[in-house]
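Q: Would you mind keeping the following structure in view while I ask a few things?
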Amino acid sequence: MSFTIRFKHPIFLVVVLSSVTLMSACGAGGRSSSITASGVESVSDGRVNVSLEKESNLSVSNARVGLVAFATGINDRKGQVVAVAGIADNPEVGAPVTEGRVTYNTRYNYIVLDNTNRTDNFINADQGTRRFNGRTTLTADYSAGTLTGSSSDLRVNGQISGQEVSGTARVDYNVRGGFLGTKTLSGRMNTTLDGRIGSTGVIATFHGTDSNTAVAGGLVGEAN
Numbered sequence: 007m008s009f010t011i012r013f014k015h016p017i018f019l020v021v022v023l024s025s026v027t028l029m030s031a032c033g034a035g036g037r038s039s040s041i042t043a044s045g046v047e048s049v050s051d052g053r054v055n056v057s058l059e060k061e062s063n064l065s066v067s068n069a070r071v072g073l074v075a076f077a078t079g080i081n082d083r084k085g086q087v088v089a090v091a092g093i094a095d096n097p098e099v100g101a102p103v104t105e106g107r108v109t110y111n112t113r114y115n116y117i118v119l120d121n122t123n124r125t126d127n128f129i130n131a132d133q134g135t136r137r138f139n140g141r142t143t144l145t146a147d148y149s150a151g152t153l154t155g156s157s158s159d160l161r162v163n164g165q166i167s168g169q170e171v172s173g174t175a176r177v178d179y180n181v182r183g184g185f186l187g188t189k190t191l192s193g194r195m196n197t198t199l200d201g202r203i204g205s206t207g208v209i210a211t212f213h214g215t216d217s218n219t220a221v222a223g224g225l226v227g228e229a230n
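Just so we're aligned, residue 7 is where the sequence shown starts under the numbering used here, counting upward by one.
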């Protein structure tokens with residue numbers, strides 16, 4: 007999917023494929039110096055609580071553990087492409103673990119906004135995602151306080167403190183995107199990992215940006 011937002015003061019003219027919508031202009035000083043942004047937000051009804059233009063939403067879930075939602079779109083006031091993720095309330099990850107190793111069978115996915123370009127008159131980007139959820143096994147070494155694992159396109163290098171997960175997740179994306187999926191979007195993004203872990207499950211968000219790319223995703227799984 008590819009989208010373009012064109013803006014002309016005092017209004018934004020938004021062009022998406024063949025549709026046209028008028029949007030309010032950004033206020034003085036409202037435009038950000040950065041064209042990409044990412045972060046963590048709350049989740050309601052399986053969706054991230056965010057309001058973006060041309061918003062796309064996905065999620066991964068496990069009935070026994072919980073749900074991670076993630077979304078991308080454009081903040082037309084700031085002139086940015088945005089990628090955000092969040093964990094639904096009250097994930098069930100089980101009791102704290104303090105020593106030994108536990109492995110978790112996880113599913114993951116993510117959305118990529120790539121090739122972002124902004125001028126005085128418009129901002130556009132190509133969007134892509136995995137066609138199917140990915141799968142990987144993560145190993146928690148509670149004695150060492152680490153959470154690690156990898157697949158062809160996701161490498162987790164996490165730290166465990168109590169039941170909190172932090173660290174990084176490297177996304178090596180190679181997905182179809184652009185207008186009618188005619189482009190291949192490929193690259194590498196080091197994202198911030200944030201989540202919860204316990205004796206029965208793990209759940210986490212990951213998100214990150216560079217100068218023209220934004221990525222948001224999530225992973226969730228059960229202990230073996």
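Where is the CB? At the ideal position from N, CA and C, for every residue including glycine.
1. So what does DSSP say about E170, is it helix, strand or coil?
2. Which class does L199 belong to by DSSP, given the choice of helix, strand or coil?
3. Within a Cβ cutoff of 8 Å, which residues of the same chain sit near T109, ignoring the five residues on either side of it in sequence?
4. Report the start-end ranges of each beta strand (DSSP E) in the region 115-171 that is 3 residues or longer and not cut off at the edges.
5. As a quick exercise: from N130, V181 and N196, pick the residue whose alpha carbon is nearest that of K189.
6. Taking 8 Å as the cut-off, does the region 110-121 touch the region 166-183 (at least 3 CB pairs, one atom from each stretch)?
7. Report the rounded CA-to-CA distance for V2 versus R53, giving the unit in angstroms.
8. If we ignore side chains and look at the alpha-carbon of each, how far apart do I41 and S217 end up?
9. Between which two residues does the beta strand (DSSP E) carrying G224 extend?
10. Tell me the residue span of the beta strand (DSSP E) that contains G36.
11. Tell me the rounded alpha-carbon separation between I80 and A220.
12. Are the CB atoms of G92 and V46 nearer to each other than 7 Å?
13. Along the chain, where does the beta strand (DSSP E) containing T215 start, and where does it finish?
14. Looking only at its own chain, which residues have a Cβ that is under 7 Å from the Cβ of G193, when we skip the five neighbours before and after it?
15. Considering I93, what are the terminal residues of the beta strand (DSSP E) in which it resides?
16. On the three-state DSSP scale, how would you describe L64?
A: Well, looking at it:
1. By 1-based counting over the sequence shown, the position of residue 170 is 164. When DSSP states are grouped into helix, strand and coil, E170 belongs to the strand group.
2. In the sequence shown, residue 199 corresponds to position 193, counting from 1. DSSP places L199 in strand when its eight states are reduced to three.
3. Your numbering for residue 109 matches position 103 in the sequence shown. For T109, where only same-chain residues beyond five positions count, the Cβ hits under 8 Å are T143, L144, T145, A146, A229 and N230.
4. Whole beta strand (DSSP E) segments, 3+ residues: 128-135, 140-147, 152-156 and 160-167.
5. Translated into the one-based positions of the sequence shown, residue 189 becomes position 183. For K189, the nearest C-alpha among the options comes from V181.
6. yes
7. Residue 2 lies beyond the range of the chain shown here (7 to 230); nothing can be said about it.
8. Taking the first residue of the sequence shown as position 1, residue 41 is located at position 35. Taking the first residue of the sequence shown as position 1, residue 217 is located at position 211. Rounded to the nearest whole angstrom, the CA to CA distance from I41 to S217 is 7 Å.
9. Position 218 of the sequence shown, counted from the start, is the residue given in the question as residue 224. Looking at the DSSP string, the run of the beta strand (DSSP E) that includes G224 is A220 to A229.
10. Position 30 of the sequence shown, counting from 1, holds the residue named residue 36. From DSSP, G36 is part of no beta strand (DSSP E); its letter is neither H nor E.
11. The count along the sequence shown starts at 1 and reaches residue 80 at position 74. The count along the sequence shown starts at 1 and reaches residue 220 at position 214. Cα to Cα, I80 sits roughly 11 Å from A220.
12. The residue you call residue 92 lines up with position 86 of the sequence shown. The residue you call residue 46 lines up with position 40 of the sequence shown. A contact, by the Cβ cut-off of 7 Å.
13. Your numbering for residue 215 matches position 209 in the sequence shown. Segment G207 to T215, the beta strand (DSSP E) holding T215.
14. Position 187 of the sequence shown, counted from the first residue, corresponds to residue 193. Excluding residues within five positions, the ones whose Cβ falls inside 7 Å are D120, Y179 and T219.
15. For the purposes of this step, residue 93 is taken as the residue at position 87 of the sequence shown. Run containing I93: Q86 to I93, per the beta strand (DSSP E) assignment.
16. Counted from its first residue, the sequence shown places residue 64 at position 58. L64 falls in the strand class under three-state DSSP.
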